[in-house]
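Below is one structure, written out as structure tokens; comments come after it.
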Amino acid sequence: MSSDSPIPWFDSFLGVAYRYYEIRMNVVPLFSDLKIARKFWMDTMHWWNDHSIKIRFVETGDTYWFIMGAESRNPKNNRAIFKVLPKSPHFDRFKKGHEGTAYLRLGTYAIKFKKDVKDDAKCNCGHIKEDHEEGKDDDSCLFEDCDCKKFETFQVNLLKKKKTVSDIKFLTETEIKDDVLAWNCFSVNKYTEKR
Ligand SMILES: [Zn+2]
Ligand SMILES: [Zn+2]
């Protein structure tokens with residue numbers, strides 16, 4: 001690590017969910033495995049001072065950079081996290097609705113199939129399980145205009161522990177030079193050639 005990037009960047013997570021939960025919007029970095037999520041929380045986020053947590057969204061066309069970092073009471077284990085993600089309706093809703101603060105939680109993301117869910121669970125095609133074939137080998141959606149052949153949905157589970165974030169900014173790439181965290185992230189992860 002060079003001296004101008006003392007905090008290592010971490011991007012080994014799946015993505016970010018945005019959910020209304022307990023009144024406030026929640027920003028939820030997602031992991032595939034509950035144990036890994038818990039460990040990441042205990043090693044890193046647990047030590048963050050709430051008031052120092054910064055979230056930066058840098059919009060780059062159809063994608064955006066999610067960037068987050070904070071001061072830690074356990075600096076040797078501190079990490080900042082980032083991920084380049086496709087824009088989504090959830091992202092837009094968060095952008096419009098967050099009102100300056102959010103809860104930060106970790107979560108797990110799992111893909112579920114027909115056998116895993118209740119009858120009213122919604123498939124990624126938009127239709128519920130009951131509207132799909134019942135047979136073991138056939139999942140096809142029964143709606144004539146739907147070409148879904150396999151029931152598939154995803155489930156997000158939120159961990160209980162949370163932090164409050166009140167330093168949230170949406171930036172364009174030309175604005176990041178005035179923002180220490182976003183600038184550091186782009187310098188290390190975009191502008192510097194990876195070896
Ligand atoms: Zn379907
Ligand atoms: Zn369908």
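Quick note: the sequence shown, position 29, residue 29 per UniProt numbering, numbers continuous. Idealized CB from N, CA, C, for every residue including glycine.
query: By C-beta, the residues closer than 6 Å to any heavy atom of ligand 1, given in chain order; result: C123, C125, H127, H132, C141, C148 and F151
query: Status (buried if at least 16 other CB within 10 Å, exposed otherwise) for G97; result: exposed
query: Simplified DSSP state of C185, which is helix, strand or coil; result: helix
query: Range of the contiguous beta strand (DSSP E) that encloses F57; result: K54 to T60
query: Alpha-carbon to alpha-carbon, D147 and W41; result: 41 Å
query: Near ligand 2: F113 beta-carbon under 8 Å from a heavy atom; result: no
query: Straight-line Cα distance separating L158 from L34; result: 10 Å
query: R105 classed as buried or exposed, judged by whether at least 16 other C-beta atoms fall within 10 angstroms; result: buried
query: P86, DSSP secondary structure in three states; result: strand
query: Contact test: F154 Cβ vs ligand 2 heavy atom, cutoff 8 Å; result: no
query: Cβ-based burial, C185 [other Cβ within 10 Å; buried from 16]; result: buried
query: DSSP state of D131 mapped onto helix, strand, coil; result: helix
query: Residue span of the alpha helix (DSSP H) that contains I36, given as start and end; result: L34 to D43
query: C185 beta carbon near ligand 2 (any heavy atom closer than 8 Å); result: no
query: Sequence-distant residues of its chain with Cβ nearer than 6 Å to N78 (five each side left out); result: I7 and S72
query: Three-way DSSP call (helix, strand, coil) for I176 in this model; result: helix
query: Entirely enclosed beta strand (DSSP E) segments - the segment 99-155, minimum 3 residues; result: 102-104 and 107-113
query: Distance between D131 and V58 (C-alpha atoms, nearest Å); result: 40 Å
query: beta-carbon F143 near ligand 2 non-hydrogen atom, thresh 8 Å; result: yes
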